[in-house]
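Novice: First the structure, then my questions, so here it is.
In our numbering, the protein residues as written are 18 to 1033.
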């Protein structure tokens, strides 16, 4: 295996990036039990790959690669990344908050990152915030080495051994009541209360305060819950517990300085290295780190070890017969069923591992457990006499089977390993308390085997969710020293049968995505040629276009002169829509764009254009049959049934129901014949006309004609190749799986039936979202749908860089059949021809824009929009804010007089023109989708409390992704950074409106439209 490369050069130039389509295989495995976890790890080992993409990010499971990344200083821990980017314990000049020089010589330019953080960081909204103090978990480079050097003197094997008598006494005291009662619930009675008093004794905390430390540890560890909503709800309690713990430690430090004792805190207070001492903040941070890293890990590992032995009574009996093997059993438990399954790492520079490039900022999950299993083969060299175990003891050769027949995915403490397990990590962040943890586990196990001759489960073990970062049993009832049951109750730690396991991988999909990447690039590269302004217009097509649109607009003067103005306008809009359908797909697509502009275009025009979404006249059956047979071959041999009537027809294609020869129902999307030639011809017309319209349309941001033509061309050309649409579907599907809210359904393409002009795919159940009425949904379901879809939109655009770009009535389906009570319905999406794609810097720019919007930071919003291309090159955020007069808290345009509103509107247009405003494709798609969701939800539940929904969406988004945001945009927004005041400011709604409902917003929009259409 090649070592990690961090320097630029030929290796990086030739390496394939993890961001390339199909570069990393994708896996979406369902893990419900430990056996599933072992089966997944075994199957991953068989694939020959060492890394896979998952709905939750990149997962490294190869032993060599995991160890390489853990040991490479170019990769930093996730906690360290957040602390550094937030400036924890340091000012922006590389000095700690106490003024002591602490040079930072890692590969990251932290001064530049801090400058960016100060530029982008939102204003705090108040409240008691959690504080991250510097500790060995959250620092890197020289700062980390300094603390580790100072702390390491107190975390030696000798220091751990001094506590062994107390550990044994404490474990005995906890076990006695269980023995007296013949058994009981071992997790709550032994495992959970075991580690905190050990840490308290280590620190010098009195026995009376064990309970308080236990409560603080339990509360603070809630920060690492896998449920983001639960984390948000507990932030106040976590901050309070942290503050109380900090105050307690400060008082204890003062007491130890006045009256030193034989404990860790006294030793750390006095520890010195060439005059360098630990600050008070560092001492408090160390105590917090001990509680976080040393409590839940030990209690879960102890419970898991006992569960393993409950499933293996013969190995338990062998251990009781030879207690000297306790260290080997503990090591094997850490390898086989380690409580810590993953570690997060961030690339601080472009890094190459095994010819795969990880761009700076890439976050990976290191599979500590999966790698330990795959790397757990027996040692290559075993002497005839003995072989060393990991702890330095010897294991007799005859005690282990032939290494070639040994299964590393089974629990066997008698076999020496070729590689050390990774349960304690590796490299700079190898667990500082590993000696202490080993001593705790060994002493607890020693007490247990001395006092318990035999044990078994009285009921199945309840395990914590595997989604949590630290895992183990949550309830485990044991029978101790009792006659055996007729049938032994399994603990769930036995390995599964060695059979092929479904990883949810799709090598076929991965290969497909890789094959589509050059096609997508070629389409994108061809857009400039399509929209290059021709010297002469396509005269005939221009004449036809002018005639049809001219008739639609001016015929009313003759035919509609007796109608009232509103009816006249409605007739014009209807004729314009009919003209678009006759002119063909390009103009139908333009009408669909208008249909998404609710609040910008007149309601009657929007309503008319909506009919272009799925009420476009269908092509004849003969024409459709010809296309299908040209692409797939004889239709009768490909399908047992094929409906000649289209179920839906739109600008590019129409859809027919069919059945495969085996009877499987499918939907067949068929491109209209000759459409590519017509689109290219219409783009030439639009490219010729666009420059002549510059300055003649009032709202430049929405109607910069050449930019709109470019946007339109980018959108429609990708839609013309259905192979690209299927690739979009695969990527959006993976992005949806990464969201933690709700359930999704997308079509499953039959890849043998996918061509440039045809897609054969499974149907999607449900009713179109726009057809639902409030009475069709249970209480709260409309709000749940709104949150789920916005969550997917935010996550896709900001975190994965891909999102469905065309929410509308024909593309979003709601399936309420069989929905469990209290659960949101299944949301189905179809038609992935229009997909938002934000790659590299563009995605980070969009993330900065969204975070700025949700936290009320104008600088971040505008900086993100400039980087997206929404304003001209070289635009300055301060100038844009000043020109558009954005920095006016509490400003409400509806509170202006008519004259003031007119002046405001003209100033806005002038500011947009002056800064070269345009709307980038992805921003337009995002806003269009958001506007659609708001419109539909306002119809379903007009009295919904809007601010509460937005707060919930934003807080959950920050809670799940705040750590990654810190690595990418320079600061880590917290859920408490979102409040009603910021959302009101973003929506332009003054505090005088106590309740902000969809009905209020709709009324305000109507007032704004009326004023904009008559600005004076």
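Where a beta carbon is used, it is the ideal one built from N, C-alpha and C, also for glycine.
All values derive from a computational prediction rather than experimental measurement.
Using alpha carbons as the reference points, say which of 581, 490, 843, 896 lies closest to residue 759.
Specialist: For the purposes of this step, residue 759 is identified with residue 742 of the chain shown, where counting begins at 1. Closest by alpha carbon: 843.
Novice: Residue 93 bridges to which residues according to DSSP?
Specialist: Position 76 of the chain shown, counted from the start, is the residue given in the question as residue 93. Per DSSP, 363.
Novice: Output yes or no for whether 8 Å exceeds the beta carbon distance between residue 770 and residue 777.
Specialist: Within the chain shown, the letter at position 753 stands for residue 770. Within the chain shown, the letter at position 760 stands for residue 777. It is a contact, given that the beta carbons lie within the stated cut-off.
Novice: Alpha carbon to alpha carbon, how far is residue 894 from residue 656?
Specialist: Looking up residue 894 in the chain shown gives position 877. Looking up residue 656 in the chain shown gives position 639. Their backbone Cα atoms lie some 58 Å apart in a straight line.
Novice: If you draw a straight line from the alpha carbon of residue 182 to that of residue 215, how long is it in whole angstroms?
Specialist: In the chain shown, the residue the question calls residue 182 occupies position 165. In the chain shown, the residue the question calls residue 215 occupies position 198. Cα-Cα distance, rounded: 11 Å.
Novice: Based on Cα-Cα distance, which residue from 427, 52, 568, 278 lies nearest to residue 349?
Specialist: Taking the first residue of the chain shown as position 1, residue 349 is located at position 332. For residue 349, the nearest C-alpha among the options comes from 427.
Novice: I'd like to confirm the pairing. Which residues does DSSP put opposite residue 819 in its beta bridges?
Specialist: Walking along the chain shown from the start, residue 819 turns up at place 802. Per DSSP, 854.
Novice: Relative to the C-alpha of residue 314, which residue among 343, 339, 354 is closest?
Specialist: Residue 314 sits at position 297 when you count from the first residue of the chain shown. It is 354.
Novice: Mapping DSSP to helix, strand and coil, what is residue 832?
Specialist: For the purposes of this step, residue 832 is taken as the residue at position 815 of the chain shown. If DSSP states are grouped into helix, strand and coil, residue 832 belongs with the strands.
Novice: Between the Cα of residue 661 and the Cα atoms of 636, 565, 866, which residue gives the shortest distance?
Specialist: The residue you call residue 661 lines up with position 644 of the chain shown. If we check each option's Cα against that of residue 661, 636 comes out closest.
Novice: Would you decide whether residue 279 is buried or exposed? Buried here means 16 or more other CB atoms lie within 10 Å of its CB.
Specialist: By 1-based counting over the chain shown, the position of residue 279 is 262. Result: exposed.
Novice: With 16 as the cutoff for other CB atoms within 10 Å, does residue 479 come out buried or exposed?
Specialist: Sequence index remark: in the chain shown, residue 479 carries index 462 (1-based). Exposed.
Novice: To the nearest angstrom, report how far apart residue 213 and residue 204 are at their CA atoms.
Specialist: In the chain shown, counting from the first residue as 1, residue 213 sits at position 196. In the chain shown, counting from the first residue as 1, residue 204 sits at position 187. Rounded to whole angstroms, residue 213 to residue 204 spans 14 Å at the Cα level.
Novice: Looking only at C-alpha atoms, which of 324, 686, 796, 54 sits nearest to residue 666?
Specialist: In the chain shown, counting from the first residue as 1, residue 666 sits at position 649. Per the Cα distances, 686.
Novice: From residue 297 to residue 859, what does the alpha carbon distance come to, in whole angstroms?
Specialist: Reading the chain shown from its first residue, position 280 is the one you call residue 297. Reading the chain shown from its first residue, position 842 is the one you call residue 859. Cα to Cα, the separation comes out at about 42 Å.
Novice: Classify residue 553 as helix, strand or coil using the three-state DSSP reduction.
Specialist: Here residue 553 corresponds to residue number 536 of the chain shown, with the count starting at 1. Residue 553 falls in the coil class under three-state DSSP.
Novice: Mind checking whether residue 607 and residue 597 have CB atoms under 8 Å apart?
Specialist: The residue you call residue 607 lines up with position 590 of the chain shown. The residue you call residue 597 lines up with position 580 of the chain shown. Yes, these two residues count as a Cβ contact at 8 Å.
Novice: Measure the Cβ-Cβ separation of residue 8 and residue 368 and say whether it is below 8 Å.
Specialist: Past the boundaries of the shown model lies residue 8; the chain is included only from 18 to 1033, so the question cannot be answered.
Novice: For residue 389 and residue 439, what's the separation of their Cα atoms in angstroms?
Specialist: Mapped onto the chain shown, residue 389 falls at position 372. Mapped onto the chain shown, residue 439 falls at position 422. Going from the Cα of residue 389 to the Cα of residue 439 covers about 6 Å.
Novice: Quick one: what does DSSP say residue 494 is sitting in, helix, strand or coil?
Specialist: Taking the chain shown and counting its residues from 1, one reaches residue 494 at position 477. In the structure shown, residue 494 sits in a strand (DSSP, three-state: E or B).
Novice: Taking C-beta to C-beta, are residue 376 and residue 34 nearer than 8 Å?
Specialist: Working through the chain shown from its first residue, we reach residue 376 at position 359. Working through the chain shown from its first residue, we reach residue 34 at position 17. Contact flag set, yes.
Novice: Going by C-alpha to C-alpha distance, which of 1011, 1009, 592 sits closest to residue 566?
Specialist: Residue mapping note: residue 566 aligns to position 549 of the chain shown, counting from 1. Measuring from the Cα of residue 566, the nearest candidate turns out to be 592.
Novice: Classify residue 938 as buried or exposed, calling it buried when 16 or more other Cβ atoms lie within 10 Å of its own Cβ.
Specialist: If you number the chain shown from 1, residue 938 lands on position 921. When all chains shown are included, residue 938 counts as buried.
Novice: If we ignore side chains and look at the alpha-carbon of each, how far apart do residue 382 and residue 87 end up?
Specialist: The residue labelled residue 382 in the question sits at position 365 within the chain shown. The residue labelled residue 87 in the question sits at position 70 within the chain shown. Cα to Cα, residue 382 sits roughly 11 Å from residue 87.
Novice: DSSP state of residue 600, grouped into three classes?
Specialist: Within the chain shown, the letter at position 583 stands for residue 600. Residue 600 falls in the helix class under three-state DSSP.
Novice: According to DSSP, what are the bridge partners of residue 533?
Specialist: By 1-based counting over the chain shown, the position of residue 533 is 516. Residue 533 is not bridged to any residue.
Novice: Taking the alpha carbon of residue 1099 as the point to measure from, which residue in 68, 72, 58 has its own alpha carbon closest?
Specialist: Past the boundaries of the shown model lies residue 1099; the chain is included only from 18 to 1033, so the question cannot be answered.
Novice: Comparing alpha-carbon positions, which option in 954, 372, 45 lies nearest residue 4?
Specialist: Beyond the ends of the chain as shown, which are 18 and 1033, falls residue 4; an answer cannot be given.
Novice: Would you mind sorting residue 498 into buried or exposed? The rule is 16 or more other CB atoms within 10 Å of its CB.
Specialist: Counted from its first residue, the chain shown places residue 498 at position 481. With fewer than 16 Cβ atoms within 10 Å of its Cβ, residue 498 is classed as exposed.
Novice: Just mark residue 1038 as buried or exposed, buried being the case when its beta carbon has 16 or more other beta carbons within 10 Å.
Specialist: Given that the chain is displayed from residue 18 to residue 1033, the structure contains no residue 1038 and the question cannot be resolved.
Novice: With a threshold of 8 Å on Cβ separation, who are the neighbours of residue 611 within its own chain once the five nearest residues in sequence on each side are excluded?
Specialist: Numbered from 1 along the chain shown, position 594 holds the residue referred to as residue 611. Closer than 8 Å at the Cβ level, and outside the excluded window around residue 611, lie 618, 622, 623, 626.
Novice: Among the residues of its own chain, which have a CB less than 7 Å from the CB of residue 170, if the five just before and after it don't count?
Specialist: For this step, residue 170 is matched to residue 153 along the chain shown. Excluding residues within five positions, the ones whose Cβ falls inside 7 Å are 288.
Novice: Which value, in whole angstroms, describes the spacing of the CA atoms of residue 851 and residue 941?
Specialist: Residue mapping note: residue 851 aligns to position 834 of the chain shown, counting from 1. Residue mapping note: residue 941 aligns to position 924 of the chain shown, counting from 1. For residue 851 and residue 941, the distance between alpha carbons rounds to 12 Å.
Novice: Could you tell me which of 275, 917, 63, 999 sits nearest to residue 873, measuring between CA atoms?
Specialist: The residue you call residue 873 lines up with position 856 of the chain shown. It is 999.
Novice: Note the first and the last residue of the continuous alpha helix (DSSP H) segment covering residue 57.
Specialist: Counting from 1 along the chain shown, the entry for residue 57 is found at position 40. Its alpha helix (DSSP H) spans residues 51–64.
Novice: Return yes when the Cβ of residue 332 is within less than 8 Å of the Cβ of residue 356, no when it is not.
Specialist: As a position in the chain shown, residue 356 is number 339, starting the count at 1. As a position in the chain shown, residue 332 is number 315, starting the count at 1. No. Outside cutoff.
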